[in-house]
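First up is the structure itself, then whatever we jot down about it.
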């Protein structure tokens, strides 16, 4: 008998192989369904309200200046105005502070219809070249902004760097300049690891076609914060980029004078340029969407919960009632 | 011995799980049939037809089935390739087969083997040596050949084309590494698996090739390596040796030239078979007197039951048949030695030519799924077209600006002459966009689904094999999954076609009653001590004890002196002598006691010989020339002067016995229908009549009957027969036909001796199983070769037929009357509204109905009947009946059987199940699944089939959803990138999404989740209806899933879009958000549908989410990737968490709400049963209810 057992192919009677592992078998009873919908509603509506009020507390000043900064005489030929290097492109904008803005106030520039996420654009850079001084020849993604006409590698290469945004803003209130802090606008991680502290701009913006801003060749890339911000390409065609921070409060109804140097050419494709001053809260900038969405979802869940309550009251069904089984429901002939 | 080890591997492929089933799981990415080792085993063919004199098939009915196996085999070979006539009764095929085997061999078709002259044999023709090679690859050929084989699969070609497209610089969406990764992982895993398997094959080949055998070299037998054996050489082997190549027997240790062989490695049958050396060679010893001759034989072919050759020796022409050849892989038993000449060697042996796997079927669910895959492909094309059209429009609108757009820069100014940079005109750009979007959206077609499905099926097979409820104690066999791609079909069966003998019954014959010379001995059988004899101081007992009739036992002891007891003496002597059983004496633990084991191919014959032994007529010894029977303690030797084998036309066998006192008698045993035509009715007509009455009463209680007749031959009669017999058996052409003629002339004017009744007991649990199947709304049809009365009685005892059923019986001899009967039956069913109805139809009627315009009528009638019983059907007709249903409905059919005669229907049905029982393994070899008992059908279908179907159906829908939701998120983003196929989600995440982030949980859940417990499924067989109604996978569910997918993708994409519109969010950050959101979502979606949460489900789902987070973080800490540190910047802001949570809830609320609504208002049976399982308030149905339910249908 013993020997027979040894050769027996009888499967082992383990809980796993017999598919009898202990298991939790939740069944969503009416109570659970109603509870879960109500819970969602109860959680979501207050969260939505909080988000909405946070967004409401954000003070935001947006000024579109791309059209306003073209002198009337050039209004039909904005491009020739912007492309003329000898032209003084300074223009003055007046902003009103609607509510008191508490420091830190963030200064952004906003571009529209500018596809920083365009396939040709996002790839046109060399991450190796940016962080490593020895890799200046690593420019294979950067064409046509990879080498100068006399075959010297461009650092930083590629379309992204080449198209660096170069409008500048100077703010003043009541004749007194408001200091815009340009330090610390880029991600610390980018400055430390992505852009090399020993990589200096070379042969940059020396071609026939100037795409945007120029770089000071004495400052390493890791400290060129405007470039770093610009090179963290935006997700969407309408985007903001941080220009600087104001560390003083702005009083309500104050008038701010913005001196804009309008250098960047978006006139070709009608891309708008805006100057944005904004405070932030925990939810970020001014955006009611999340608040409204949360309130709607929460409200919807409460509504569904009520409907289920009604359903269970008026059309009750005993759980596991065998009379609902299809073969018991068939009419008996 | 090596063969047997190989065979074990094949038979229990899944035993490998024992070692490392997880490893196997990983390795089984490839097409599943490939996991089967090349089978040494043979595909099925008949064994009764050609294996010389050992096949008298007992009961008429069984005999008839067996005899028709030729036709079954032809189906096996041809099935699917050409239309078959199912109506033929096999007789024609038989004679064709005979004439085939006796045609002359054409010279150009022949191979000439010079006996004992390997040099000469091999100089003219290039015959294969005996070394074999089952391994597919060598070190050099592995890479190209393996790759070539892998790329035979459409999925891989799709992968490859996409990967190649991506390598074109114009289209490079993903980096090189990311685009090749998925394909290379799959290829690598498969290659490793193949290499491992091939290495094992190499190892086994080496062992096989280096075995030693004894070969005649220069008139002496020398040991030689197996691989060096050549065609034409003479080899010698002794008992228990495995034969190294196909050889023609020359002589054996038996003076009459008999050799017993076991073919278990070849076809799995464990009983002994006899092979013969030719008279002209058997007395020679090759060492002393040279045997020189030429064998002219067929070219190598794969028919293991056919062999046709002539041998020219000493100027004599001899014809050789299948009984003269011993095939590679057989084992010599009970014979001290045998000598033979090699005719086929190595890869040309029949065993090697037959090493191929079981044919594969495609599951119904997969076929339906492919339809949806085509829809998804169209959907993919639509998405790509939309993107490329939009891209075209955008480019056209901005045509003038492209040159100076900072983010486009059409022109390259770095060189003096300004050229276009990466721009080749609008049309080309649009075309490129289309191709690129195919690359980006490639996973819309869920290629990974095919791989997942294979893994899931392996997992499901593991559980089916490991189910201890489907383990058969008696045969020590587990459930076997031979086909791995139709697991889920088991959950949708509507029709079960079952064989009777060996499937519903045990096929363990037990001698029950006897009618001897008109006297019925059917009193109560009692246990006896068993008859035993003394031989050389040892006690010999039959191995099996038989219950005996006390009265008959007393009478049998009287001997043949009185008139009454003479018949009893003749009867038992006939049973002991007229058969092909070989008695084998085996030792027991008690040294004084030995057991006699009666080996034979037919269980009926064994039962009769055991019965004779129990009544004191013990068969002790059989050689080809004589038998020794111990009759009541007195040993007698009878000369076997001749034997006429069983054949399907005569349905009987006869033996010509020379008695010790010099008389010669012919004893005939056969089916009642054939025997009564040759019995001399002029004498003892009352005995004949009485016997007939007894036969009827026996068969009405389901017993199998045989009639025995005897006649004494006068000297001239005997001499006349003898000369005719000699002439016939040495004839070169048409020997079988001649022998048959001789037999027919001899078997006349018999005196009736009596009839035997053998019981074939129902297997345990059969009535209950049939009851369950019927409640599950599965129609059970029984197709049997037995006679009508037997079939009906088995029908009653298995509860297939009940007393309240109306029986429509169709036994017709003309087409006209068949048509009429069918019409009457139809009218009865439909107009008179009689329910339930059982249809009983016999093979003769089916001849007229199948393949004629009456088929449709039969179908109509049969589908109105609760039960259909087909009796006396030939194997081809079985397939014909299956085809009748299969061709006319969408319902799934299942055929279950155990014998060679069931092979055709097993192959024909959607699911074929083989019972590994007494009748050999042909059915198992042809089947998709094999098991030990009929009753396992219930857990197999109701439990495993149900689970498999539910799981697979859900998995397919989930995989569609999972991939589509991701593709749609990518698609929405493309709309905001100027239609340029930028992905915010990193390329690594895109690639890992279906490979790593979301692949494991769906596979784990599809293997482990159970919608209902085994107990509920067995208690309520009606729950099986869910599969029959396609509840888990249908067009409605598909479209609902797609709608849900659309909604969820919109939520996932647009919530972050609106939340981060006009902010300084960068692409990588929002990409990470989308990645996490969609992975969380699809896992939560799956979690919502899990029914049973075991620790494995928890681990896989939450583990996947964790792994995703780890991967996203890991990707974001690589400084050269654009998304460096993005996830940390992102996660430090509250808006990220708010978005993530909001997405999950908003995406699943509609689905959850609708699911809950449906669950409450239109609960499915499964839902109710699940609730009942949890809250335990389902009222146990009474038997009354069962009756009502079954009758209502």
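Residue numbers (the numbering used here), protein chains in the order written: chain U, 37 to 369; chain G, 101 to 1293.
Even for Gly, the Cβ is constructed at its ideal location relative to N, Cα and C.
Run of the beta strand (DSSP E) containing residue i, from where it starts to where it stops
i	result
residue 938/G	937-942
residue 907/G	906-910
residue 1228/G	Unbroken run through residue 1228/G is the alpha helix (DSSP H), 1226-1231; no beta strand (DSSP E).
residue 346/G	346-352
residue 1300/G	As displayed, chain G neither begins before 101 nor continues past 1293, which places residue 1300/G out of reach and without an answer.
residue 275/U	275-282
residue 100/U	96-100
residue 322/G	320-325
Contacts that residue i makes with chain G (C-beta to C-beta distance below 8 Å)
i	result
residue 156/U	507, 508, 509, 522, 1080
residue 165/U	Those do not exist, as residue 165/U stays about 10 Å from chain G at its closest Cβ, beyond 8 Å.
residue 76/U	1245, 1249
residue 248/U	506
Alpha helix (DSSP H) segment containing residue i, residue limits
i	result
residue 529/G	526-540
residue 157/U	155-158
residue 151/U	Looking at the DSSP string, residue 151/U is not in any alpha helix (DSSP H), and its letter there is neither H nor E.
residue 119/U	114-119
8 Å contact criterion, which residue i and residue j should meet: CB distance rounded
i	j	result
residue 1225/G	residue 223/U	6 Å
residue 713/G	residue 760/G	Between residue 760/G and residue 713/G the Cβ distance is about 19 Å, and since that is not below 8 Å, they are no contact.
residue 1024/G	residue 1098/G	Contact doesn't hold; Cβ gap of about 39 Å is too wide.
residue 205/U	residue 294/U	6 Å
residue 739/G	residue 762/G	That belief does not hold up - the Cβ atoms of residue 739/G and residue 762/G are roughly 10 Å apart, past 8 Å.
residue 753/G	residue 809/G	Not a contact, Cβ separation roughly 12 Å.
residue 681/G	residue 706/G	6 Å
residue 903/G	residue 802/G	Rounded, the Cβ-Cβ distance is 16 Å, inconsistent with contact.
Chain U residues whose Cβ lies nearer than 8 Å to that of residue i
i	result
residue 1193/G	59, 60, 61, 62
residue 566/G	47, 48, 53, 54
Residue i, buried or exposed, once every other Cβ within 10 Å from all chains shown has been counted against 16
i	result
residue 262/U	buried
residue 451/G	buried
residue 1039/G	buried
residue 781/G	exposed
residue 219/G	exposed
residue 89/G	Outside the modelled stretch of chain G, which goes from 101 to 1293, sits residue 89/G, for which no answer is possible.
residue 1139/G	exposed
residue 165/G	Residue confidence for residue 165/G is low, a pLDDT of 32 falling below 50, so the modelled location carries little weight; the figure read from the coordinates is stated next. So residue 165/G ends up on the buried side.
9 Å Cβ cut-off: residues of chain U touching residue i
i	result
residue 1167/G	152, 153, 158, 268, 269, 270, 271, 272
Neighbour list for residue i in chain U, Cβ cutoff strictly below 7 Å
i	result
residue 1271/G	63, 355, 356
residue 1159/G	323, 325, 326
Residues that residue i contacts on chain G, provided the C-beta gap is smaller than 9 Å
i	result
residue 232/U	Here the premise fails: no neighbours, minimum Cβ distance about 10 Å.
(request) Examine the Cβ distances between the region 326-340 of chain U and the region 60-80 of chain U and report whether three or more of them are shorter than 8 Å. (result) yes
(message) Across the region 130-148 of chain U and the region 89-96 of chain U, are there enough close Cβ pairs to call them in contact, namely three or more that are closer than 8 Å?
(response) yes
(message) So, does the region 839-848 of chain G touch the region 595-608 of chain G, judging by three or more C-beta pairs under 8 Å?
(response) no
(message) Does the region 105-121 of chain U come into contact with the region 286-302 of chain U, if we say contact requires no fewer than three beta-carbon pairs (one atom in each stretch) closer than 8 Å?
(response) yes
(message) Between the region 643-651 of chain G and the region 619-632 of chain G, can you find at least three pairs of beta-carbon atoms closer than 8 Å?
(response) yes
(request) Pair every Cβ in the region 255-274 of chain U with every Cβ in the region 105-113 of chain U, then say whether three or more of these pairs are closer than 8 Å. (result) no
(request) Indicate whether the contact test is met: 3 or more Cβ pairs, each with one atom in the region 334-350 of chain G and one in the region 385-403 of chain G, closer than 8 Å. (result) yes
(message) Under 8 Å, with one C-beta from each stretch per pair, do the region 1047-1054 of chain G and the region 1126-1137 of chain G reach the 3-pair mark?
(response) yes
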